[in-house]
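Peer 1: Provided herewith is a single structure, encoded as structure tokens, for subsequent inquiry.
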Amino acid sequence: MNCQSFSLVPFGPSSTNLTICGDLALHAGVMEVVFKLEGDLSAIRIAPPAGAGERRDLLWQTTCLEVFLAHRGAGPYWEFNLSPAGHWNVYRLESYRQGLAPEPAYAQLPFSVQRHRQQLSLSLRCTLPPALALPATADLEAAITAVIQQSDGSLSYWALHHPAAEADFHHRDGFRLHLGRA
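Listed below in structure tokens is the structure:
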């Protein structure tokens, strides 16, 4: 199993006393990701559990945890969006911000969310889309990101690395985790 720990940093100064970290693992075409948010969770907006989570667009307009995956050096990449409410989406993009379309390999994407006073953890285990899981000559690279909505409604953007002058989760220089073949 290829497993890497991560810790996210905000784009610009953040008034939130928050830490976002976790682990990403890939093994035999299966991805496991665990996000941990720790700190003053009352300072951010976290949607309450929705019961049965469903596929939804525009999850990044509020608190949303994300994983981006691609074969190193290839144009297409995938974006996984996970809401603490239980809603989700997986998109395939042809190249940088081009050709955004729901990934048809998923009809559902169940994941677990646990909340405590000062901690929220979100865990997902899923089979990769076939185009990512097939043996390839290139290794996989990943970007781990989060959009956090403050209690005043403003958004902050968190990532492994912010390579541009503006927060841009799609920028390939932000895909900082390099993992062995899926």
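Residue numbers 288 to 469, in the working numbering, belong to the letters of the sequence shown in order. Don't be surprised by glycine CBs; every beta carbon is placed ideally from N, CA and C. The model shown is predicted, which means the values in this text are computed figures rather than measured ones.
1. Taking Cβ positions, are Leu419 and Trp365 nearer each other than 9 Å?
2. Helix, strand or coil for Arg384? Go by DSSP, reduced to three states.
3. Within this structure, are the beta carbons of Leu470 and Leu324 separated by less than 9 Å?
4. Measure the alpha-carbon distance for Ala394 versus Leu295 and round it to whole angstroms.
5. What number of angstroms, rounded off, separates the C-alpha of Asn289 from the C-alpha of Leu415?
6. Give the DSSP bridge partners of Gly338, in chain order.
7. Using C-beta distances below 7 Å, list every residue in its chain close to Leu387, excluding the 5 sequence neighbours before and after it, in chain order.
8. Are three or more beta carbon pairs between the region 319-339 and the region 445-463 nearer than 8 Å?
9. Answer with buried or exposed for Tyr383, where buried requires no fewer than 16 other C-beta atoms within 10 angstroms of its C-beta.
10. Can you give me the C-alpha to C-alpha distance between Leu268 and Gln385, rounded to a whole angstrom?
11. Let me check understanding here. Comparing Cα to Cα, which of Ala433, Asp455 and Ser441 lies closest to Ile307?
12. In this structure, what does DSSP give as the bridge partners for Thr303?
Peer 2: Considering the structure as presented:
1. Less than 9 Å divides the Cβ of Leu419 from the Cβ of Trp365.
2. If DSSP states are grouped into helix, strand and coil, Arg384 belongs with coil.
3. With the chain covering 288 to 469 only, the question about residue 470 has no answer from this structure.
4. Ala394 and Leu295: Cα-Cα distance of roughly 29 Å.
5. Answer to the nearest angstrom: the Cα atoms are 14 Å apart.
6. None, per the DSSP bridge assignment.
7. Taken in chain order, the residues that qualify are Tyr378 and Leu380.
8. Not touching, per the Cβ criterion.
9. By the C-beta density criterion, Tyr383 is exposed, having fewer than 16 other C-beta atoms within 10 angstroms.
10. Summary: the structure shown does not reach residue 268, with the chain confined to residues 288 through 469, and so no result is reported for it.
11. Nearest of Ala433, Asp455 and Ser441 to Ile307, Cα basis: Ala433.
12. Thr303 is not bridged to any residue.
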